[in-house]
Amino acid sequence: MADSAITLRIKELGAQWEPYVIEQRRKFHAHPELGFEEVWTTEEIARELDAMGVPYERPLDTGVVATVKGTAPDAYRADGTPRRRIALRADIDALPVQEMTGAPYASEVEGKMHACGHDAHIAMMLGTVRVLQETRDALRGEVRVIFQPAEEISSGARALIEAGVLEGVDTIYGAHIWSDVKAGTVSAESGPRMANTDWFRVDIDGASAHGAMPHKGVDALVVGAEMIDALQVIVSRDVSPFEPAVLTIGEFHAGVAKNVMAGTAYLSGTVRTFNPELRVQLRERMERMVRMVAEAFGAEATFTWTPGNAALYNDPACAARAQKSIAAVLGPQALAHYEGTLSGEDFSEYLHEVPGVFAFVGARNPEAGADYPQHSCFYNIDESALVGGSMVAAQYAHDFLAGE
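Residues 22 to 425, numbered by our numbering, are exactly what the sequence shown covers, in order.
Here it is, written out as structure tokens:
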């Protein structure tokens, strides 16, 4: 089948299966599950794959790894190994967020929501599998489809890699529905796309006292407040304005009663960078700042740093191929320019093992109420963008497997 004929067939199948993709997104959206708890989600994905006749395995307790085998004449070598093998990845976990969208398909689970769009990722990938399954006669190799758990807690990719999910894989493709990119467009540029993601916590030990006698203790709450001010200055004064960096404190807990001066407190947060040297420097600077502020107030502090995923860099050759795939199925006007984000992604773990590309599928459309950022309790998407994501992944798989 000629390249143009494959693309035309993908477009036809995309139009055919668009209602299915939207239906699947709404189904999964209503039943969110947190990382490594995606039992119902896993069963539903397996049920859909069974209906398509696509074989799969479950290397972990949650998540699914499916296989679409091409039937083109040269798809497999004489020894039974595929001519080429590509992996496609979709993450499946939700967030501990209370949904406030009021959508008819809103989360039915208290305190949990697909506020990052992983419901869309499942749906788009199921659409991709349908398209690939129906174009197997032109598929010149094998596609390994990874429905990955626990991306939000930066654990799923590593667990699957340890389970051997990348064995025999030549390249990998992933995508994220994205609120900063216009619906109907897709960004797949090369280079740095998402940041180093690290976590920190500071535990402060002061000395509690009666609220009317503060001179008899060491106020851990005040120490924590001073630390917050001091830590915020690090990025604004110690980091070059030409160097992307974010330091966010998301938690601050202190005190047990309104007339008791806090004896202990803790604060925690995240640090995002692109530069690996700056990543180390910030950790060292933060630890020193915490120690000195605590000492100045007569308190003690413990600084804990938890490394997360490294920055995500798209391979130049894979990015160029992805841009051609986007233009083929959606038109050249669908190629978006996006500068990247300091959000993190454990897809970077796969890219440390094999070359690949991570695309941002635009879903922003204020007229459809899709103008809230990822992780917002009001987060929503323009569902018309979903099938485009399915088609791009299918086209990219065909394009890679057809290459030499």
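Ideal Cβ positions, reconstructed from N, Cα and C, are used throughout, including at glycine.
Apart from the five residues on each side of it in sequence, which residues of its chain come closer than 8 Å, Cβ to Cβ, to residue 358?
208 and 210
Ignore the nearest five residues each way along the sequence and tell me which others in residue 130's own chain have a CB closer than 7 Å to its CB.
52 and 53
When the distance is taken between beta carbons, is residue 265 closer than 8 Å to residue 285?
no
Residue 162 and residue 105 closer than 8 Å at C-beta:
yes
If we ignore side chains and look at the alpha-carbon of each, how far apart do residue 352 and residue 69 end up?
30 Å
Who are the Cβ neighbours of residue 242 in its own chain at under 7 Å, not counting the five residues just before and after it?
275, 276, 283 and 286
Report the three-state DSSP secondary structure of residue 57 (helix, strand or coil).
coil
Report back the beta-carbon spacing between residue 218 and residue 138 to the nearest angstrom; my notes put them in contact at under 8 Å.
The pair is not a contact, with the Cβ atoms about 18 Å apart (cut-off 8 Å).
Taking C-alpha atoms, which residue in 143, 123 and 417 lies nearest to residue 112?
143
Looking only at C-alpha atoms, which of 158, 269 and 397 sits nearest to residue 291?
269
Can you tell me whether DSSP reads residue 334 as helix, strand or coil?
strand
Which ranges does the alpha helix (DSSP H) cover as unbroken runs of at least 4 residues, wholly within the region 32–80, from first to last along the chain?
60–73
Count the other CB atoms, across all protein chains shown, that sit within 10 Å of the CB of residue 301; report buried if there are 16 or more and exposed otherwise.
exposed
So what does DSSP say about residue 283, is it helix, strand or coil?
coil
Tell me which same chain residues have a C-beta within less than 7 Å of the C-beta of residue 248, skipping the five on either side of it?
223, 288, 311 and 314
Could you pull out every residue in the same chain whose Cβ sits closer than 6 Å to the Cβ of residue 158, ignoring the five residues on either side in sequence?
92
Could you pull out every residue in the same chain whose Cβ sits closer than 8 Å to the Cβ of residue 74, ignoring the five residues on either side in sequence?
154
Between the CA atoms of residue 192 and residue 164 - distance to the nearest angstrom
10 Å
Nearest CA to the CA of residue 58: which residue from 99, 116, 239 and 101?
116
In chain order, what are the residue ranges of uninterrupted beta strand (DSSP E) at least 3 long that sit wholly in the region 184–212?
192–203
With DSSP as the reference, identify every bridge partner of residue 169, one or two as the case may be.
112
Alpha carbon to alpha carbon, how far is residue 421 from residue 206?
21 Å
At least 3 beta-carbon pairs within less than 8 Å: the region 369–386 vs the region 228–240:
no
Residues in its own chain within less than 6 Å of residue 22 by CB, not counting five upstream and five downstream?
Confidence at residue 22 is low in this model, with a pLDDT of 48, below 50, so its placement is unreliable and no value can be given for it.
Straight-line CA distance for residue 17 to residue 63?
In the structure as shown, the chain starts at 22 and stops at 425, and residue 17 therefore has no counterpart that could be examined.
What is the DSSP secondary structure of residue 22, counted as helix, strand or coil?
Residue placement at residue 22 cannot be trusted, given a pLDDT of 48 that sits under 50; the coordinates are not used to answer.
At what residues does the beta strand (DSSP E) containing residue 328 begin and finish?
321–328
DSSP three-state assignment for residue 20, whether helix, strand or coil:
For the chain, the structure presents residues 22 to 425; residue 20 sits outside this window and is missing.
Measure the C-alpha to C-alpha separation of residue 418 and residue 246 and round it to an integer number of angstroms.
52 Å
Which same chain residues, not among the five before or five after residue 239, have their C-beta less than 6 Å away from its C-beta?
227, 228, 319 and 320
Could you pull out every residue in the same chain whose Cβ sits closer than 7 Å to the Cβ of residue 361, ignoring the five residues on either side in sequence?
213, 214 and 215
On the three-state DSSP scale, how would you describe residue 268?
strand
What do you reckon, are the CB atoms on residue 80 and residue 86 nearer than 8 Å?
yes
Does the Cβ-Cβ distance between residue 424 and residue 382 come in under 8 Å?
no
Unbroken beta strand (DSSP E) run spanning residue 89, endpoints:
85–90
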